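In the working numbering, the protein residues as written are 2 to 401.
Notes for the one structure printed next.
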Amino acid sequence: MNMEAAAAHHSAPEASPVSPLGSSGPILHVITDLDVGGAERMLANYLSRQRPQKRPHVVLSLKQPGSMAASIASDGFSVHSAKLPEPGGVNSLGLLLRLPGGLISTAQMIRHIRPSAIVGWMYHANVFAEAALRLSGRRAATRLIAGIRCSAMDPSRYGAVHGLVVGRSRSISGKVDILAYNSETGRREHEAIGFAPEKAAVISNGVDTARFAPDPEARYRVRAELGLDPEMPVFICAARVDPMKNHSGLIEAFETLNGRAALVLVGKDTDTALPRTHNIYGLGIRSDMPELYAAADFVVMGSAFGEGFPNAVAEGMASGLSPIVTNVGDASRILGDVGRVVEPGQPQMLAAALVMALDDGVEKSARDGLLARQRIVDHFSLDRAVAQIDALIDGDLKQG
Numbered sequence: 002m003n004m005e006a007a008a009a010h011h012s013a014p015e016a017s018p019v020s021p022l023g024s025s026g027p028i029l030h031v032i033t034d035l036d037v038g039g040a041e042r043m044l045a046n047y048l049s050r051q052r053p054q055k056r057p058h059v060v061l062s063l064k065q066p067g068s069m070a071a072s073i074a075s076d077g078f079s080v081h082s083a084k085l086p087e088p089g090g091v092n093s094l095g096l097l098l099r100l101p102g103g104l105i106s107t108a109q110m111i112r113h114i115r116p117s118a119i120v121g122w123m124y125h126a127n128v129f130a131e132a133a134l135r136l137s138g139r140r141a142a143t144r145l146i147a148g149i150r151c152s153a154m155d156p157s158r159y160g161a162v163h164g165l166v167v168g169r170s171r172s173i174s175g176k177v178d179i180l181a182y183n184s185e186t187g188r189r190e191h192e193a194i195g196f197a198p199e200k201a202a203v204i205s206n207g208v209d210t211a212r213f214a215p216d217p218e219a220r221y222r223v224r225a226e227l228g229l230d231p232e233m234p235v236f237i238c239a240a241r242v243d244p245m246k247n248h249s250g251l252i253e254a255f256e257t258l259n260g261r262a263a264l265v266l267v268g269k270d271t272d273t274a275l276p277r278t279h280n281i282y283g284l285g286i287r288s289d290m291p292e293l294y295a296a297a298d299f300v301v302m303g304s305a306f307g308e309g310f311p312n313a314v315a316e317g318m319a320s321g322l323s324p325i326v327t328n329v330g331d332a333s334r335i336l337g338d339v340g341r342v343v344e345p346g347q348p349q350m351l352a353a354a355l356v357m358a359l360d361d362g363v364e365k366s367a368r369d370g371l372l373a374r375q376r377i378v379d380h381f382s383l384d385r386a387v388a389q390i391d392a393l394i395d396g397d398l399k400q401g
């Protein structure tokens, strides 16, 4: 069977028919999955702002679409899946067996919808998109944007597949049209390990400041639902359980407060994989983040490495929370002169920052929260990010 016939044989999974649109064709977004995470939320937020549509957008999830697929589809966008298994462990063989069919199916989709641009969202998606586009024979007619949404990762914390994918991402970095970073730190650290500097563009994430905003009614309602004292100072951290997020260091720092405050942890596995101790609330994945932020006083990030533009910090600041973060990725750039920044991997320094935040008192934390919100409104709005992504896709954004 020749390649053309093989492509016809493997129909794209979960794909709705899309009419070819030639040079003004749709934008194809390729992402690893659609679970709750920074890249996934930014893609969903970007698509939700596309009104009126200049052109169709199509989303391809490499794995089975997660919890955010429904909201993207409800906004009128076609969501497809390559149905690849999670890499690593017992799934490695399954991934190798399914990968050729997934690439062929995606190449067929590309030939059918004739996208004017393909946007990858992180390493695995970038590598997959580049290979499928070459296989489709439409590389010369399609703008290829590889998105990198992290700073330097610690390879010892992740498996061999991750290392291979990062290496392949580096090798194709000079062949794509744009390397789109969401942080200056990510750009700098990737260029230091060999990613092509001449392809770089930086677009910071953006926050919907109408959705993420102070909400006194939600504050009291959510506190009542969680059983929190209305006057108790509350820190909130929104992050999946992952080595880079360093929940153990954050919990160690928080426990030095000896009951003076509560810590709310939100994100995948925070309800099952973390110790349950007094005044620590692990809520797991939640869809009501604006209300949860509104119930808190401080947004905290204890990450050890790997952050690019941490959405959770910016969303908390937009909600009027005073920020306390480790100096990872562009966190300090997001804060500017608001809040506190400490070095990563130093629980004692983070603990001291938490204590100082409490010692400053309610009035100062409220003032800092208002300043934090204004900084996000002024510098990191969703509308600004959407306009820059549109310009990048259309080739109108200056690189460098």
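Every residue, glycine too, gets a C-beta built ideally from N, C-alpha and C.
Computed from a predicted model, the values in this text were never measured in an experiment.
So what does DSSP say about residue i, is it helix, strand or coil?
i: Phe255; result: helix
i: Ser184; result: coil
i: Ser137; result: helix
i: Thr33; result: coil
i: Leu63; result: coil
i: Met357; result: helix
i: Ala211; result: coil
i: Ala118; result: strand
i: Ala297; result: coil
i: Pro324; result: strand
i: Phe129; result: helix
i: Tyr282; result: strand
i: Gly148; result: strand
i: Leu275; result: coil
If you draw a straight line from the C-alpha of residue i to the C-alpha of residue j, how long is it?
i: Lys269; j: Leu275; result: 11 Å
i: Val91; j: Gly121; result: Note that Val91 has pLDDT 43, beneath the 50 cutoff, so the model's placement of it is unreliable and no number is given.
i: Ala219; j: His58; result: 34 Å
i: Ala386; j: Ile32; result: 18 Å
i: Val223; j: Gly260; result: 20 Å
i: Gly160; j: Asp243; result: 13 Å
i: Phe299; j: Glu253; result: 17 Å
i: Met245; j: Pro345; result: 10 Å
i: Ile335; j: Gly321; result: 14 Å
i: Ile237; j: Val267; result: 8 Å
i: Ile28; j: Ser75; result: 18 Å
i: His81; j: Pro101; result: 17 Å
i: Val162; j: Asp272; result: 28 Å
i: Tyr282; j: Ile73; result: 29 Å
i: Phe78; j: Ala392; result: 20 Å
i: His125; j: Ile377; result: 30 Å
i: Ala315; j: Gly138; result: 40 Å
i: Leu136; j: Arg50; result: 32 Å
Does the distance from the C-beta atom of residue i to that of residue j stay below 9 Å?
i: Arg374; j: Ala297; result: no
i: Asn127; j: Ala147; result: yes
i: Asn46; j: Gly187; result: no
i: Gly26; j: Arg115; result: yes
i: Ile119; j: His30; result: yes
i: Ile394; j: Arg144; result: yes
i: Leu372; j: Thr210; result: no
i: Arg171; j: Ser117; result: no
i: Pro156; j: Arg212; result: no
i: Leu85; j: Leu96; result: yes
i: Thr258; j: Ala352; result: Note that residue 258 is Leu in the sequence shown here, rather than Thr. Result yes, Cβ atoms of Leu258 and Ala352 sit closer than 9 Å.
i: Ala313; j: Ala239; result: yes
i: Ala262; j: Leu359; result: yes
Assuming residue i and residue j are in contact, meaning their beta carbons sit under 8 Å apart, how far apart are those beta carbons, in whole angstroms?
i: Asp369; j: Gly340; result: 6 Å
i: Met357; j: Thr327; result: Rounded, the Cβ-Cβ distance is 15 Å, inconsistent with contact.
i: Gly285; j: Phe310; result: Actually they are not in contact, since the Cβ atoms of Gly285 and Phe310 sit about 24 Å apart, beyond 8 Å.
i: Val343; j: Ala332; result: Their Cβ separation, rounded to whole angstroms, is 10 Å, which puts Val343 and Ala332 out of contact at 8 Å.
i: Leu61; j: Asp34; result: Going by Cβ atoms, the distance from Leu61 to Asp34 rounds to 11 Å, so no, they are not a contact pair.
i: Ala197; j: Gly175; result: 4 Å
i: Ser366; j: Ser323; result: 5 Å
i: Ile204; j: Ile390; result: 6 Å
Under 8 Å: do the stretch 178-198 and the stretch 151-168 share three or more Cβ pairs, one atom per stretch? yes
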